Amino acid sequence: MGIPMEFIQMVRLDSGVFEGSNLWSPLPGYPAFGGQIAAQSLASAFSTVGEDSVPNTMSILFINKCKSDQKVKYTVKNLKNGSIVDMRQVDCYQNNVLVSSAHISFSKPDNNAHDYEGTPYRIYDDTFVPFAEYISKSLTNSSAGQAEVNAKFQVLYDNMLMMFNVLDVDVGTENKDMRQIRIKIKQRQEEVIGVASLITLISDILLVETALMASNLTLFSKDLSLLTSLNHVIHFVNLEKSINDGYIYYIVKCKGIRNSKAICEGQLIHEDGTLICLTGQQGVFRVKSSYSKK
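Residues in the sequence shown are numbered consecutively from 25, following this note's numbering.
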């Protein structure tokens with residue numbers, strides 16, 4: 025589909041029907057990355073609208089787990105073709121089981137203008153470390169021995185190479201229930217379908233992780249028994265400004281936790297503060313019965 029990214033490998037099977045492959049799981053043994061399912065869903069919907077269309081909003085429900093070692097099928101349903109907005113529903117199936125269902129709206133560029141008085145959050149002074157170092161530090165803080173830490177790190181690092189081929193990701197310091205992520209694009213995207221799909225992928229990186237910080241947990245904590253996203257919502261604001269040069273920043277925050285359910289939100293912005301998109305997500309996490317918060 026003209027997007028030179030490992031994450032968005034799509035084949036058209038029929039009108040409005042696509043096959044997605046090369047699915048990725050950020051952690052060994054975990055389901056396929058929800059951000060990739062969302063990005064492939066968006067790319068599928070793009071094929072059914074005009075070439076000059078841009079996405080306004082996307083809301084996706086993650087219904088069943090998706091195995092990363094198997095292909096998926098996307099079916100696109102035309103909900104509305106209007107003079108101002110087009111709407112599509114994209115359902116993702118794996119072995120005839122519904123994995124996710126997305127609703128996406130598109131409009132022409134002239135009808136997609138947003139005026140914001142200011143972004144919800146601003147870039148602040150921070151200390152960033154490469155994602156690989158974030159993994160290493162998280163593992164070192166566990167009670168495992170150094171040999172075990174080294175072995176786990178190598179497995180996790182190798183598993184992350186697919187993301188590292190596309191993005192340079194630096195992780196900021198925990199700031200209570202907030203974190204900054206600094207990202208540099210390694211595979212340039214010029215067409216709006218590539219930009220929007222990559223932004224969708226990025227918008228799921230470490231978003232639900234903010235819910236763990238209040239409980240002194242990380243993605244790699246041995247006490248974590250479950251971490252999953254129930255949904256993902258994106259409001260696209262500015263896709264015209266290039267994301268290829270310099271850094272973009274993803275500021276993520278946990279808004280609250282109740283009964284192991286967390287509400288998280290984020291904003292993706294350029295270095296100069298220009299807002300790219302706003303995101304929201306509900307996640308669920310559980311810890312092992314032996315865990316005690318320190």
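We treat Cβ as the ideally placed atom computed from N, Cα and C, and that holds for glycine. Please read these numbers as outputs of a predicted model, since none were measured by experiment.
If I'm right that residue i touches residue j with Cβ under 8 Å, what's the distance once you round it to whole angstroms?
i: N189; j: K210; result: 7 Å
i: F309; j: L248; result: 7 Å
i: A67; j: I217; result: 6 Å
i: I226; j: Y274; result: 6 Å
i: A69; j: V114; result: 5 Å
i: P52; j: V179; result: 6 Å
i: C301; j: L292; result: 5 Å
Please classify residue i: is it buried, with 16 or more other beta-carbons within 10 angstroms of its beta-carbon, or exposed?
i: P50; result: buried
i: P28; result: Confidence at P28 is low in this model, with a pLDDT of 47, below 50, so its placement is unreliable and the value that follows should be read with caution. It counts as exposed.
i: K285; result: exposed
i: S107; result: exposed
i: D194; result: buried
i: V78; result: buried
i: G2; result: There is no way to answer for residue 2, as the model of the chain reaches only from 25 to 318.
i: S124; result: buried
i: A235; result: buried
i: A171; result: exposed
i: R112; result: buried
i: S162; result: buried
Express the C-alpha separation of residue j and residue i in angstroms, rounding to a whole number.
i: V41; j: S71; result: 10 Å
i: M25; j: Q306; result: Confidence in M25 is poor, its pLDDT being 39 and thus under 50, which makes the residue's placement unreliable; the coordinate value appears in the next sentence. Near 30 Å, if we compare the C-alpha coordinates of Q306 and M25.
i: A220; j: H127; result: 15 Å
i: N119; j: I223; result: 28 Å
i: Y98; j: N255; result: 17 Å
i: C116; j: S65; result: 7 Å
i: V35; j: G44; result: 7 Å
i: V276; j: I159; result: 18 Å
i: L241; j: K95; result: 32 Å
i: S290; j: R282; result: As written in the sequence, residue 290 is Gly, which differs from the Ser given in the question. Answer to the nearest angstrom: the Cα atoms are 19 Å apart.
i: V121; j: S129; result: 25 Å
i: E157; j: G196; result: 11 Å
i: M187; j: S39; result: 30 Å
i: N199; j: Y145; result: 13 Å
i: G58; j: S253; result: 8 Å
i: H294; j: E75; result: 25 Å
i: K132; j: G304; result: 24 Å
i: M237; j: D201; result: 6 Å
From the DSSP output, which residues share a beta bridge with residue i?
i: P79; result: F130
i: E289; result: K277 and G304
i: E43; result: V35 and K97
i: P154; result: D194
i: C116; result: Y98 and S124
i: M111; result: K104 and S129
i: R206; result: D194 and Y273
i: T252; result: V308
i: V257; result: S83 and G304
i: L299; result: I293
i: R282; result: K285
If we define contact as Cβ-Cβ less than 8 Å, is residue i a contact residue for chain C?
i: K208; result: No chain C is part of this structure, which consists of one protein chain only.
* With a cut-off of 8 Å, do at least 3 Cβ pairs link the region 81–88 to the region 30–39? -> no
* May I ask you to verify whether the region 228–242 touches the region 259–266, counting CB pairs closer than 8 Å and requiring at least 3? => no
* **the region 267–274 in contact with the region 83–100 per 3-pair CB rule at 8 Å** => no
* Given 8 Å, three or more beta-carbon pairs between the region 201–208 and the region 140–159 -> yes
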